[in-house]
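> Residue numbers (the working numbering), protein chains in the order written: chain Z, 3 to 374; chain F, 3 to 374. The structure's right below; bear with me while I get my questions together.
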């Protein structure tokens with residue numbers, strides 16, 4: 003387990019959690035990012051995205067990442083006041099340089115640029131280079147859906163963890179892909195997935211709970227399946243979606259490579275395994291696409307058929323009546339409704355780390371402000 | 003097992019196969035399609051695509067489908083001389099109506115239109131409605147890569163076979179997705195996958211060989227895993243990529259839904275489970291995207307980094323030195339080299355069916371032409 007792994011403890015289920023109101027999570031994010039020297043506009047956008055991620059229940063990608071970001075910052079791998087620039091642009095494409103900072107602000111700007119171009123042209127794609135972690139890909143795809151467009155967002159990751167079918171070396175990060183589309187009556191469809199079978203966070207959770215891993219999540223140094231959670235966490239060798247040859251893991255491996263091509267080769271970011279570990283910048287890349295259904299058919303017809311699909315999926319017969327069939331995006335919507343009222347769960351371990359993060363940069367620690 | 007299943011027997015490994023030279027496969031395809039009344043240009047393009055599919059080793063999607071197409075034709079579900087029309091068009095998008103015919107010709111035309119628009123604009127997307135089976139998605143994605151562009155091709159399928167996570171009813175077809183990108187020294191990267199764990203053809207093969215299925219390919223009517231190949235073939239209930247909840251089958255299910263949105267909701271084709279079984283037209287939909295790397299960065303740099311990725315993947319350490327790590331597209335390239343010389347394997351069972359197909363429409367049966 004790397005130091006950064008030890009510090010991201012939001013997902014432990016130790017039963018000892020704070021329930022932090024959204025506005026305190028927001029204030030804490032703003033205070034820390036600002037104290038790190040992030041300019042005001044970038045701070046606001048990064049705060050908004052990280053808070054939305056926590057509210058949607060994606061604990062592995064929200065405030066729980068501040069300790070990791072702090073570590074990168076201290077190691078000189080994160081520019082806190084980056085220049086985000088448009089390097090190339092046409093009516094339907096653009097390339098952005100993120101200036102070596104966190105990926106949330108350039109990601110947001112890139113997808114909004116794609117949306118703006120899509121409003122004029124019906125279709126647009128924007129790539130980003132020289133970036134860093136951008137949180138949950140679904141947030142960006144949803145921006146497009148909220149504008150009435152289909153949205154696609156992908157990112158590569160600086161550390162390789164996914165082992166190709168037949169292989170024993172990690173060649174790709176967990177390379178996420180998100181796809182969102184607007185509906186009529188229903189909230190947008192939103193698929194937001196890593197292209198590995200599971201993300202690192204699930205190994206950590208099993209380890210914290212003293213459970214063996216299900217076979218098929220991780221492999222050992224020989225490339226053979228391992229169920230030892232501690233060993234798997236130390237090695238960080240994940241299977242691609244599909245998990246093994248017989249269950250078509252070559253498909254998950256291929257999807258991870260597809261995300262790498264769109265995010266890194268297209269933008270000029272670093273291919274995970276070729277990144278110079280001593281370089282100042284991690285040079286992560288992202289890719290965003292926006293597509294207007296109204297360029298193809300009547301918007302209302304498209305949205306009505308999205309509703310029809312969503313309704314049919316929800317109404318389709320489940321194996322266990324207590325566990326209905328879900329539509330991609332449903333779990334996050336349920337979580338968000340609950341957390342807007344109940345607050346964001348933060349483990350004691352993470353709270354301690356966040357207090358340290360705040361103290362280190364001279365920001366106030368706000369999560370346990372009484373009667374805030 | 004449906005009648006169409008029984009008739010697609012190219013993939014049986016009964017050891018009793020003809021090796022048919024490519025030019026005879028080509029002549030047979032042309033003779034049958036033409037006898038069915040397909041216009042000359044459409045016949046040439048459909049023949050070329052189906053032959054290329056057979057040469058690439060995708061036996062389930064080449065000449066082995068003629069019996070199924072014949073069945074659809076006889077059932078009045080396939081227009082043999084369709085009007086393929088552009089219904090809507092902008093500089094970067096288009097919608098085509100395929101006129102109720104086979105999908106190969108409109109698929110080819112749609113991707114070529116996307117490529118043409120991409121030449122001017124750097125990016126283009128074309129959707130197709132009112133189509134039918136288009137063979138292997140990879141063929142269309144490769145058209146873009148051969149033009150120097152990134153290509154994406156998807157299709158929905160008229161019969162639902164993929165059961166969502168938690169569910170017990172099939173809600174999507176095997177909804178294929180192909181993604182291709184050009185390299186420099188290397189042939190293009192080409193991922194061509196169904197979003198189910200395996201395609202129906204793999205169940206049939208296990209059944210023919212008297213093997214049980216690996217657990218995780220198919221489910222029974224209660225939604226529980228089944229290893230009985232005969233029962234699974236009869237039921238046609240496939241798992242999404244990932245195969246079960248614990249191994250993240252919700253990701254494969256979500257990808258199948260993504261393909262449905264792009265192929266059916268966007269174009270106005272029929273959502274698999276809502277298709278009227280008595281309708282004259284199956285109204286299958288496709289989606290094609292072309293993206294020019296040179297809109298984002300220097301083309302040579304992009305291609306050099308594609309080469310670097312491909313080379314690194316091939317050189318990465320395998321579990322078994324006799325089974326090196328492959329790059330998506332490699333197996334098809336190897337197969338094509340071999341089949342150009344050795345011919346296309348056609349089982350005796352399929353040969354008999356193809357002879358019947360030819361006789362039924364008055365075309366010559368050519369596969370066993372001596373010393374042709």
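Don't be surprised by glycine CBs; every beta carbon is placed ideally from N, CA and C. Computed from a predicted model, the values in this text were never measured in an experiment.
#1: So if DSSP puts residue 131 of chain F in a beta bridge, which residue, or which two residues, is it bridged to?
#2: Would you say residue 308 of chain Z and residue 189 of chain Z are within 8 Å of each other, going by their C-beta atoms?
#3: What ranges does the alpha helix (DSSP H) occupy inside the stretch 300 to 352 of chain F, keeping only unbroken runs of at least 4 residues that lie completely in it?
#4: Only counting the same chain, and skipping five residues up and downstream in sequence, which positions put a Cβ closer than 6 Å to that of residue 354 of chain Z?
#5: With a threshold of 8 Å on Cβ separation, who are the neighbours of residue 45 of chain F within its own chain once the five nearest residues in sequence on each side are excluded?
#6: Buried or exposed: which applies to residue 187 of chain F, given that a residue is buried once 16 or more other Cβ atoms fall within 10 Å of its Cβ?
#7: In this structure, does DSSP put residue 373 of chain F in helix, strand or coil?
#8: Going by DSSP in three states, residue 88 of chain Z sits in which element: helix, strand or coil?
#9: Spatial neighbours of residue 229 of chain F within its chain, please: C-beta separation below 7 Å, excluding the five flanking residues on both sides.
#10: Counting only beta-carbon atoms, is residue 304 of chain F nearer than 8 Å to chain Z?
#11: Where do the N-terminal and C-terminal ends of the alpha helix (DSSP H) with residue 51 of chain Z fall, by residue?
#12: Answer yes or no: does any C-beta atom of chain F fall closer than 8 Å to that of residue 187 of chain Z?
#13: I need the straight-line Cα distance from residue 38 of chain Z to residue 269 of chain Z, nearest angstrom please.
#14: Within a Cβ cutoff of 6 Å, which residues of the same chain sit near residue 110 of chain Z, ignoring the five residues on either side of it in sequence?
#15: Quick one: Cα of residue 251 of chain F to Cα of residue 241 of chain F, how far?
#16: By the three-class DSSP mapping on this structure, what secondary structure does residue 355 of chain Z have?
#17: Assuming contact is defined by CB atoms lying nearer than 8 Å, are residue 56 of chain Z and residue 64 of chain Z in contact in what I supplied?
#18: At 8 Å on the CB atoms, spell out the chain Z contacts of residue 336 of chain F, in chain order.
#19: What's the call for residue 366 of chain F, buried or exposed, on a 16-neighbour Cβ count within 10 Å?
#20: Which residues share a DSSP beta bridge with residue 178 of chain Z?
#21: Using a Cβ-Cβ cutoff of less than 7 Å, which residues in the same chain neighbour residue 305 of chain F once the five nearest sequence positions on both sides are dropped?
#22: So the candidates are F:148, F:94, F:211, F:136; which of them puts its Cα closest to the Cα of residue 80 of chain F?
#23: Step through the CB atoms of chain F and report whether any lies within less than 8 Å of the CB of residue 250 of chain Z.
#24: In terms of alpha-carbon separation, which member of F:173, F:203, F:25, F:94 lies closest to residue 117 of chain F?
#25: Just the chain Z side, please: which residues come within less than 8 Å of residue 66 of chain F by C-beta, in chain order?
#26: Of the residues F:208, F:126, F:83, which one's Cα is nearest the Cα of residue 41 of chain F?
#27: Quick one: is residue 15 of chain F near chain Z, going by C-beta distance under 8 Å?
#28: Three-state secondary structure (DSSP) at residue 203 of chain F?
#29: Start and end of the alpha helix (DSSP H) containing residue 253 of chain F?
#30: Along the stretch 115 to 136 of chain F, where does the CB come closer than 8 Å to a CB of chain Z? Name the residues.
#31: Of the residues that make up the stretch 305 to 334 of chain Z, which ones have a beta carbon closer than 8 Å to any beta carbon in chain F?
#32: Looking at chain F, is there any beta carbon in it that lies within less than 8 Å of the beta carbon of residue 206 of chain Z?
#33: Does the beta-carbon distance from residue 141 of chain F to residue 259 of chain F come in below 8 Å?
#34: Going by C-alpha distance, which of Z:316, Z:92, Z:153, Z:133 is nearest residue 113 of chain Z?
#35: Please list, in chain order, the chain F residues whose beta carbon lies closer than 7 Å to that of residue 279 of chain Z.
#36: Distance check for residue 279 of chain F and residue 149 of chain F, CA to CA, integer angstroms please.
Let me spell this out:
#1: Residue 131 of chain F is bridged to F:99.
#2: With a cutoff of 8 Å on beta-carbon distance, residue 308 of chain Z and residue 189 of chain Z are scored as not near each other.
#3: Secondary structure remark: continuous alpha helix (DSSP H) runs of at least 4 residues inside the stretch 300 to 352 of chain F, in chain order: 301 to 317, 332 to 344.
#4: Around residue 354 of chain Z: no qualifying Cβ.
#5: Within the same chain, 32, 35, 36 come within 8 Å of residue 45 of chain F by CB-CB distance, once the 5 residues on both sides are set aside.
#6: So residue 187 of chain F counts as exposed.
#7: With a pLDDT of 47 at residue 373 of chain F, under the threshold of 50, the modelled position of this residue cannot be trusted; read the value that follows with caution. Looking at residue 373 of chain F - three-state DSSP - the assignment turns out to be coil, as it is neither helix nor strand.
#8: Strand, per DSSP.
#9: 214, 215, 217.
#10: Output row for residue 304 of chain F: interface = yes.
#11: Unbroken alpha helix (DSSP H) run through residue 51 of chain Z: 42 to 57.
#12: It does not: the Cβ of residue 187 of chain Z has no partner Cβ on chain F nearer than 8 Å.
#13: In a straight line, the C-alpha of residue 38 of chain Z is about 27 Å away from that of residue 269 of chain Z.
#14: For residue 110 of chain Z, where only same-chain residues beyond five positions count, the Cβ hits under 6 Å are 47.
#15: Residue 251 of chain F and residue 241 of chain F: Cα-Cα distance of roughly 8 Å.
#16: Residue 355 of chain Z carries a helical assignment under DSSP once its states are collapsed to helix, strand and coil.
#17: Yes, they are a contact pair.
#18: None at all; the shortest Cβ gap to chain Z is about 14 Å.
#19: Around the beta carbon of residue 366 of chain F, fewer than 16 other beta carbons lie within 10 angstroms, which makes this residue exposed.
#20: Note: residue 178 of chain Z sits in a beta bridge opposite Z:196.
#21: Closer than 7 Å at the Cβ level, and outside the excluded window around residue 305 of chain F, lie 184, 185, 186.
#22: Comparing Cα-Cα distances from residue 80 of chain F to each of F:148, F:94, F:211, F:136, the minimum goes to F:136.
#23: For residue 250 of chain Z, a Cβ of chain F is located within less than 8 Å of the residue's own Cβ.
#24: For the residues F:173, F:203, F:25, F:94, the minimum Cα distance to residue 117 of chain F belongs to F:94.
#25: Using a Cβ-Cβ cut-off of 8 Å, residue 66 of chain F is close to nothing in chain Z; its nearest Cβ partner there is about 21 Å away.
#26: Looking from the CA of residue 41 of chain F, the closest CA among F:208, F:126, F:83 belongs to F:83.
#27: The predicted position of residue 15 of chain F is uncertain, since its pLDDT is 47 and thus under 50; a value taken from the coordinates is nonetheless stated next. Closer than 8 Å: no.
#28: Helix, per DSSP.
#29: Run containing residue 253 of chain F: 251 to 262, per the alpha helix (DSSP H) assignment.
#30: Using a CB distance below 8 Å, the part of the stretch 115 to 136 of chain F facing chain Z consists of 123, 124, 125, 126, 127, 129, ordered along the chain.
#31: Against chain F - using a Cβ distance shorter than 8 Å - the residues of the stretch 305 to 334 of chain Z are 307, 308, 310, 311, 314, 315, 318, 319, 320, 321, 322, 325, 326, 327, 328, 329, 330.
#32: Among the CB atoms of chain F, none fall inside 8 Å of the CB of residue 206 of chain Z.
#33: No. Outside cutoff.
#34: With distances taken between Cα atoms, residue 113 of chain Z lies closest to Z:153.
#35: Ordered by position in chain F, no residue passes the 7 Å Cβ test against residue 279 of chain Z, which lies about 16 Å from the chain.
#36: For residue 149 of chain F and residue 279 of chain F, the distance between alpha carbons rounds to 39 Å.
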